[in-house]
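Worksheet: one structure, shown below.
Protein chains: 2
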Amino acid sequence: MEASAIREILKVASSPGVISLAGGLPAAESFPLAIMQDLMARVVEKHGAKALQYDASEGFGPLREALVPHLAARGVAVDPSGLVVFSGSQGVLDAIGKVLISPGDVVAVEAPTYLGALQAFNPYEPRYAEIATDDHGLLPDSLDAVLTREPVKFVYLVPTFQNPTGRTLPLARRLAVAEILRRHGTLLVEDDPYSDLRYTGERVPPIQSFAPENVAYMSTLSKTFAPGLRVGFCVAPAPLLRWLVVARQGVDLHTSTLGQALAAEYLVGGHLERQLPKILALYRPRREAILAALSRHLPAGFRWTQPEGGMFVWVEGPAGLDAVRVNERALAAGVAFVPGRYFFVDEEQGAATLRLNFTAADPETLDQAVEVIAAALIAELAAGGK
Amino acid sequence: MEASAIREILKVASSPGVISLAGGLPAAESFPLAIMQDLMARVVEKHGAKALQYDASEGFGPLREALVPHLAARGVAVDPSGLVVFSGSQGVLDAIGKVLISPGDVVAVEAPTYLGALQAFNPYEPRYAEIATDDHGLLPDSLDAVLTREPVKFVYLVPTFQNPTGRTLPLARRLAVAEILRRHGTLLVEDDPYSDLRYTGERVPPIQSFAPENVAYMSTLSKTFAPGLRVGFCVAPAPLLRWLVVARQGVDLHTSTLGQALAAEYLVGGHLERQLPKILALYRPRREAILAALSRHLPAGFRWTQPEGGMFVWVEGPAGLDAVRVNERALAAGVAFVPGRYFFVDEEQGAATLRLNFTAADPETLDQAVEVIAAALIAELAAGGK
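As you go down the protein sequences, you meet chains A and B in turn. Quick note, the first sequence lines up with residues -2 to 383 if you use our numbering. Quick note, the second sequence lines up with residues -2 to 383 if you use our numbering.
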């Protein structure tokens, strides 16, 4: 139901004339369109027919090798045999659901959490246990309590620039989470799509680096190369990784060889290193613009996150506010966002919350859009839900 | 188990020095490597950043449009909204399993059938009902009896140049199957990856064309463009198609936009029409070579199919022969194939059968390989299973 509500919102949001803060799209200007032909030339020259042929379910060898130093620079130590390439992060999530979830199994998630993970897991019929969060992400005590109370199959977290809140779990909590995972012998699925998109502050190491035997770490090139290539990857303990490969073989055999070969060339050619500063330079003023616009336009009684990176700001309004109705009002004035309630497993929560994307629009447009949303909020508060 | 046995065989088959008739790989020479840079240039020029961005789960618009005349020329009448692009045929099979199969549901399949379909369906825990076949494919009376006896959720068939047998269901049987499907109100999943690879004889229309409301028709560009792109597609009745889209959204969001854009350009640029005759000219002598080699080298007591197209010949030996042991003997002499028993749901069947691929090796190599296999067969028969 949440999924179809979101689909409906995104469909309307992509209509001509609508300013969308609803999606999670990278800006079109962030793509290295200018080098695609060169990348293709290199791929054809280096790999020839191999780049067009069926390939191993584990991933294209040159990409697996190129990901080793890429991951090492991000705190994840692994050799090529310890990682598998999937068709986007979504492919990792589906394989994890398929391998680990039997109907009724408990999956522990943050409240709120990433909707795409719920969409991947739901067909395998888990029950969810919610972990409480504050402005710095999940509360380790809440995680400990959930793991003590429930037979949790695995924990799913987005610890850095979380979707939907933009929050980042601080180092001390990461260490606490690693200790709790080890103590309970529980697996964490650490979803890390955004950590390269840091506009301010210092990089925090992944939880995986503190408890590699208890973590399946997953990331993607969707935010730093191109989402349309559908290249994600997973580093996990060997027995789990083997089962993920078996599961994915029945799902899609392997990820596009050509897409993987282009991605490998993007990494080994140093293109990601050159492109990332451009992407950050594009998004940094957008983040500043949306935070400034929220300060400028929102009435008293609202608070919002100050994400150091990623793509989203999370706004919380006063109790009683219905963000679904606010979205309808904003849409009537040509601006779309996603009401936050859809990111909670327990639908009673989050009624007064909004997720705003800031990467797909320029600073001026963001200011206009927030002004429209603020007007919708004020009108909705004035109407008192009538 | 079958899947892992096959994986093991394919791994050994790809070792240096081994001649492999085991896989189902298109020949590397069949790929349009020379035009890949031009295709990329056209894609960048026509679609720009759209080719690298997230896209609709239903498929990239220009590819869906390009597939309409492509399918019409093959007897499948559909408009763009009636087809969905998936990540290879395997992606279609997984989505069908996910949407249609609850544990214990009955899926009716040919005996033998395509192993990749079983791999896609098995995680959803179906029961299989086997439909009897002869040299011309499934027996309509057997299908009718299975549908009368069992509560079949859907039927899965590869009616043209079947994998593993190479058999093609004649027109009269297709009409009978369509009538049976309509009478029982049963869905057929018609898997048609090979029909463009016809070396002799006349094209036969798909069963879909005789019972569009009862058929989910699926095909791929893996054999006529490049399997490494992972582009498959499905034409199905609207309510089923909607659910397939919802299911695949949780699995991989959508198929690589870039891969789809390249495929669209391959179709609209007339490249497939120019490439296909080259592919046929490459494979036709290979088919003739393997059939001649079988006549030349195999001892009495063996029969094999005379496929008019596709990638496989099916060999049946005398009762008591164990093709798994024959494969071990052939491997020791540097030649690999797949024992036929792995393609049967009922493992007691097919012990004396072999699947031989003829598209991945040249005519001389095929003759050598068949000579080695014949020697292994003769040695195994002489040893009498000892």
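Beta carbons: idealized from backbone N, C-alpha and C, even for Gly. Please read these numbers as outputs of a predicted model, since none were measured by experiment.
Compare the beta carbon distance of D249/B and G88/B with 8 Å and say whether it is the shorter of the two.
In this structure, G88/B lies closer than 8 Å to D249/B by Cβ.
At a Cβ threshold of 8 Å, is R227/A touching chain B?
Chain B contact via Cβ: present.
Mind listing which residues of the segment 246 to 276 of chain B have their C-beta closer than 9 Å to chain A's C-betas, in chain order?
Here the close residues are Q246, G247, V248, D249, L250, H251, T252, S253, T254, L255, G256, Q257, A258, L259.
What's the C-alpha gap between E285/B and R293/B?
Taking the straight line joining both Cα atoms gives about 12 Å.
Ignoring anything shorter than 3 residues or poking outside the segment 116 to 151 of chain B, list the beta strand (DSSP E) runs there in chain order.
Complete beta strand (DSSP E) runs here, min 3: 124 to 128.
Starting from T362/B and walking both ways along the beta strand (DSSP E), at which residues does that stretch end?
Here T362/B belongs to no beta strand (DSSP E); instead the alpha helix (DSSP H) covers 360 to 380.
Just the Cα atoms here: how many angstroms apart are I375/B and V312/B?
A straight line joining the alpha-carbon of I375/B with that of V312/B spans about 14 Å.
From the beta carbon of F151/A, is the nearest beta carbon of chain B less than 8 Å away?
Proximity of F151/A to chain B, defined by a Cβ-Cβ separation below 8 Å, is not satisfied.
Own chain, CB closer than 6 Å to D102/A, minus 5 neighbours either side, in chain order
Here the set comprises P123, K150.
Backbone CA spacing between V41/B and D35/A [nearest angstrom]:
Roughly 12 Å separates the two Cα atoms.
Distance, Cα to Cα, F28/B vs P59/B?
C-alpha of F28/B to C-alpha of P59/B: approximately 22 Å in a straight line.
Buried or exposed for R300/B, going by 16 or more other Cβ atoms inside 10 Å?
It is exposed - the Cβ of R300/B has fewer than 16 other Cβ atoms within 10 Å.
Could you name the residues that DSSP lists as bridge partners for D193/B?
Beta-bridge partners of D193/B (DSSP): none assigned.
First and last residue of the uninterrupted alpha helix (DSSP H) at R284/A
For R284/A, the uninterrupted alpha helix (DSSP H) run begins and ends at 268 to 294, by DSSP.
Identity of the residue in L259/B, G94/B, Q50/B nearest L238/B by Cα
Of the listed residues, the one whose Cα sits closest to L238/B is G94/B.
Taking only beta-carbon positions, decide if M37/A is within less than 8 Å of chain B.
Under the Cβ distance rule, M37/A counts among the residues neighbouring chain B, one pair being separated by less than 8 Å.
Once you ignore the five residues that flank P148/A on each side, which residues in its own chain have a CB closer than 7 Å to its CB?
For P148/A, where only same-chain residues beyond five positions count, the Cβ hits under 7 Å are V103.
With distances taken Cα to Cα, identify the nearest neighbour of I16/B among A372/B, E377/B, A366/B, P190/B.
Cα-wise, what sits closest to I16/B is A366/B.
What are the boundary residues of the alpha helix (DSSP H) that includes V342/B?
Taken as a continuous stretch (DSSP letters only), V342/B belongs to no alpha helix (DSSP H), as it is neither H nor E.
Would L64/B be called buried (16 or more neighbouring beta carbons within 10 Å of its own) or exposed?
Here L64/B is buried: its Cβ has 16 or more other Cβ atoms, across all protein chains shown, within 10 Å.
Is it true that the CB of F230/B sits closer than 8 Å to the CB of R171/B?
No, Cβ-Cβ distance for R171/B and F230/B is not below 8 Å.
Cβ distance (whole Å) where Y196/A is taken to contact G306/A below 8 Å:
The C-beta separation of Y196/A from G306/A comes to about 5 Å, placing the pair in contact by the 8 Å criterion.
At least three beta-carbon pairs within less than 8 Å, the segment 256 to 269 of chain B to the segment 328 to 344 of chain B
Segments in contact, no.
Could you please tell me which residues of the segment 123 to 147 of chain A, in chain order, have their CB closer than 7 Å to any CB of chain B?
Residues of the segment 123 to 147 of chain A with a Cβ closer than 7 Å to any Cβ of chain B: none.
For K95/A, would you say it is in contact with chain B, using Cβ-to-Cβ distances shorter than 8 Å as the test?
Among the residues facing chain B, K95/A is included, as its CB has a counterpart in that chain under 8 Å away.
G298/B to Q50/B, Cα distance in whole Å?
For G298/B and Q50/B, the distance between alpha carbons rounds to 58 Å.
Suppose you measure from the CA of R322/B to the CA of T165/B; what does that come to, to the nearest Å?
The straight-line gap from Cα to Cα measures roughly 29 Å.
Flag S437/A as yes if its beta-carbon sits less than 8 Å from any beta-carbon of chain B, otherwise no.
Chain A is shown from -2 up to 383; residue 437/A falls before or after that span and cannot be answered.
Around the C-beta of P66/A, are 16 or more other C-beta atoms found within 10 angstroms, so that it is buried, or is it exposed?
Here P66/A is exposed, its C-beta having fewer than 16 other C-beta atoms within 10 Å.
Helix, strand or coil for M215/A? Go by DSSP, reduced to three states.
In the structure shown, M215/A sits in a strand (DSSP, three-state: E or B).
Below 7 Å between beta carbons is the criterion; list the residues of the segment 47 to 77 of chain B that meet it against any residue of chain A, in chain order.
Those would be A48, L49, Q50, Y51, D52, in chain order.
Measuring straight from C-alpha to C-alpha, what distance separates A240/A and A10/B?
Residue identity check: residue 240/A is Trp in the sequence provided, not Ala. In this structure, the CA atom of W240/A is about 22 Å from the CA atom of A10/B.
Taking Cβ positions only, does P120/A come closer than 8 Å to chain B?
By this cut-off, P120/A is an interface position.
Taking just the CA atoms, how far does G314/A sit from M(-2)/A?
Caution applies to M(-2)/A, whose pLDDT of 43 falls short of 50 and renders its modelled position unreliable; the value that the coordinates give is listed next. Straight-line Cα distance between these residues: approximately 24 Å.
Neighbour list for L30/B in chain A, Cβ cutoff strictly below 8 Å
Here the neighbours are V41, G45, A46, L49.
Own chain, CB closer than 7 Å to E26/A, minus 5 neighbours either side, in chain order
For E26/A, where only same-chain residues beyond five positions count, the Cβ hits under 7 Å are L279.
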